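Since the structure comes first, as C-alpha cells, the remarks are kept for the end.
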Amino acid sequence: MRFKQFLIVVLLSLLGSLNAKAVSILQYHHVSDDTPASTSISVEQFTLHMNYLKQQNYKVLPLNEIINGLKKGEKFDAKTVAITFDDGYLNVLTNADPILKANEFPYSIFIAPQEINQGRSNMLTWPQLKLLSEQGVLILNHSLKHDHLNRQLENEDIDAWKARISEDITSAQGIINEQLGPQLKYLAYPYGEYNTALLTLVKSLDFVAFGQHSGALSKKSNWQALPRFPASGRYANLKTLKVKLQTMAMPIKKLANDNPQLDQHTQGNPKRPELVVTLDLSDIYKPTLACYILGEKVDVTWLDKSSFSVASNVDLPAGRSRYNCTAQSRTKSGYYWFSQPWMNRNEDGTWPQG
Numbered sequence: 027m028r029f030k031q032f033l034i035v036v037l038l039s040l041l042g043s044l045n046a047k048a049v050s051i052l053q054y055h056h057v058s059d060d061t062p063a064s065t066s067i068s069v070e071q072f073t074l075h076m077n078y079l080k081q082q083n084y085k086v087l088p089l090n091e092i093i094n095g096l097k098k099g100e101k102f103d104a105k106t107v108a109i110t111f112d113d114g115y116l117n118v119l120t121n122a123d124p125i126l127k128a129n130e131f132p133y134s135i136f137i138a139p140q141e142i143n144q145g146r147s148n149m150l151t152w153p154q155l156k157l158l159s160e161q162g163v164l165i166l167n168h169s170l171k172h173d174h175l176n177r178q179l180e181n182e183d184i185d186a187w188k189a190r191i192s193e194d195i196t197s198a199q200g201i202i203n204e205q206l207g208p209q210l211k212y213l214a215y216p217y218g219e220y221n222t223a224l225l226t227l228v229k230s231l232d233f234v235a236f237g238q239h240s241g242a243l244s245k246k247s248n249w250q251a252l253p254r255f256p257a258s259g260r261y262a263n264l265k266t267l268k269v270k271l272q273t274m275a276m277p278i279k280k281l282a283n284d285n286p287q288l289d290q291h292t293q294g295n296p297k298r299p300e301l302v303v304t305l306d307l308s309d310i311y312k313p314t315l316a317c318y319i320l321g322e323k324v325d326v327t328w329l330d331k332s333s334f335s336v337a338s339n340v341d342l343p344a345g346r347s348r349y350n351c352t353a354q355s356r357t358k359s360g361y362y363w364f365s366q367p368w369m370n371r372n373e374d375g376t377w378p379q380g
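So for the sequence shown, this note's numbering puts the first residue at 27; every next one is plus one.
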C-alpha cells in the first residue's frame, strides 16, 4: 500500500469518531497564486484550510501557549493546532493575515533578519513586522541568513562550526529583539535541516526549535526537534491534511541511529539507514504498526517486545527524505504518527542546491 492510499483509508476510518488528543503545528511559506509552487499555497486553498479549522472547532492557539502547556504536562482538548509561516514573505501580510484575522486565529512568523534587511519587495519590512508583533503575531528566529546550519564549511572543524552557528543564531535573536523588543527564543531550522550536534548546540543556547518533518506533539517531544506538518505545495491537499491533523505523537521511548545527516553515520549503509525505535506500547495496537519510505510501505523487524528496526530497501536520494511510521491507538479513534528526517549528499560529496 502506498502512503497516500494509507492516508485515505485512515480518513475513512476516522470519519464521525474523532476523540484523539491531537496537538499539531502547521507550517506554511507563501500564500499566493504566483509564487514557487513547492513552497506556496493558493489563497483559495489557504481559505479552505482555515475554514476547515473553524468549522471543525479546532482550537487554534499561539505557538507559545502550546509549547508552555506541553512542557507543564497540561491536557489539551482534542484538535489543537498552531499556525506558523517561515521566511517572512509579504504575502503573509497581504493574503494570509486578513483570513486569519477574520477567523481570530493567532499565528507566528519565523524570519531571517539578514533576509529582511535586504529590503526585497516580496519580503516583509521591519515596520510591518513591528505592527504585526504589536497585534500579537509572534515574530521568531529563522537563523541570521537562512543558511544550512548543520553543514560545516570546507576545512572547518567542529569547534569552529559551533562558534559560527552560535554566533548566527544569537545574532539573529539580537537583531529581532532590537527591532521588535524581547521575543521568544524559538528557532525554525532553515529547510528543516539539523543533525545531532546542532540539536545539542541549540539546547545549550536555550532555544526551542522546530523542523519541517511531520508529526504531532506531546509532552515527551524533543524540544529541539519539534515536528510541524508542511501544508504548502504538494502537502496542501485538504483531504490528506485532515488525516494528519487527527494523528497523535508516537509514544517513543528511545531512538537509535537517528542522526538525520547521513554522511555522519559510521555503521551500516549510510544510504539505507537502519532506524531503531523503542515504543511505549500501552496504547498502540501493535499489528497496525506500518512504516513508509519514499511513498512505499516497507517491512519492519521487531527486535524485542517494544523495539523495532526499519531501513530503506533502496539508497535514499540526495537531498531530504523521511521515514514515516504510523500505528493505531488501542483506546482512541486516532493514529499515532512519527517522521524521521534524513539528509544525504550527492555522489561527489557536494550538497544538493536548496
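Glycine is no exception: its CB is placed at the ideal position from the N, C-alpha and C atoms. Bear in mind the structure is a predicted one, so any value in this text is a computation, not a measurement.
Check                                                                                                          : Outcome
Nearest to Lys265 (by Cα), restricted to the options Leu342, Asp232, Leu79                                     : Leu79
Touching by the beta-carbon criterion (3+ pairs, under 8 Å), the stretch 156 to 171 and the stretch 132 to 143 : yes
Cutoff 7 Å; reference Gln354; Cβ partners in own chain excluding five residues on either side                  : Tyr311, Thr314, Tyr361
Bridge partners - Asp112, DSSP secondary structure assignment                                                  : Phe136
Stretch-stretch touch, CB-based, cutoff 8 Å, three pairs: the stretch 335 to 343 with the stretch 211 to 227   : no
Three-state secondary structure (DSSP) of Tyr84                                                                : coil
Cross-strand partners of Thr327 (DSSP beta bridge)                                                             : Ser335
Supposed close pair Asn117, Thr61 - CB separation, criterion 8 Å                                               : 7 Å
Contacting residues, own chain, Cβ-Cβ under 6 Å from Trp187 (five flanking each side not counted)              : Gln178
Given 8 Å, three or more beta-carbon pairs between the stretch 56 to 73 and the stretch 250 to 261             : yes
Pick from Asn94, Ser333, Ser365 that is closest to Lys280, judged by C-alpha positions                         : Ser333
C-beta contact flag for Asp194 and Leu170 at 7 Å                                                               : yes
Alpha-carbon spacing of Asn263 relative to Gly380, whole angstroms                                             : 23 Å
Span of the alpha helix (DSSP H) around Ile310                                                                 : Per DSSP, Ile310 belongs to no alpha helix (DSSP H) and is neither H nor E.
Option in His239, Gln154, Ile142 with minimal Cα separation from Asn167                                        : Ile142
Per-residue DSSP class, three states only, for Ser230                                                          : helix
Contact test: Ala257 Cβ vs the ligand COA heavy atom, cutoff 6 Å                                               : As far as ligands go, the structure on display features none, and thus does not contain the ligand COA.
Contact check, Pro277 vs Asp306, beta carbons under 7 Å                                                        : yes
8 Å contact criterion, which Leu155 and Leu210 should meet: CB distance rounded                                : Actually they are not in contact, since the Cβ atoms of Leu155 and Leu210 sit about 14 Å apart, beyond 8 Å.
Residue span of the alpha helix (DSSP H) that contains Gly95, given as start and end                           : 89 to 97
Three-state secondary structure (DSSP) of Thr151                                                               : coil
Candidates Ala251, Glu204, Gln238: closest to Leu227 by CA position                                            : Ala251
N-terminal and C-terminal residue of the beta strand (DSSP E) that Gly345 is part of                           : 345 to 354
Closest residue to Ala108 among Glu91, Pro124, Lys98, Glu100 (Cα-Cα distance)                                  : Glu91
Cβ neighbour criterion (16 or more within 10 Å) applied to Pro378                                              : exposed
Span separating the alpha-carbon of Leu87 from that of Trp368                                                  : 30 Å
Entirely enclosed beta strand (DSSP E) segments - the stretch 156 to 183, minimum 3 residues                   : 164 to 167
Cβ neighbours of Gly388 in the same chain (closer than 8 Å, five flanking residues each side left out)         : Residue coverage of the chain in this structure runs from 27 to 380, which leaves residue 388 outside it and unanswerable.
Reference Pro153; option with closest CA among Ser244, Gly200, Pro124, Glu204                                  : Glu204
Buried or exposed by the 16-neighbour rule on C-beta atoms within 10 Å, applied to Asn350                      : buried
Closest by C-alpha distance to Trp328, when choosing among Lys358, Lys245, Ala316                              : Ala316
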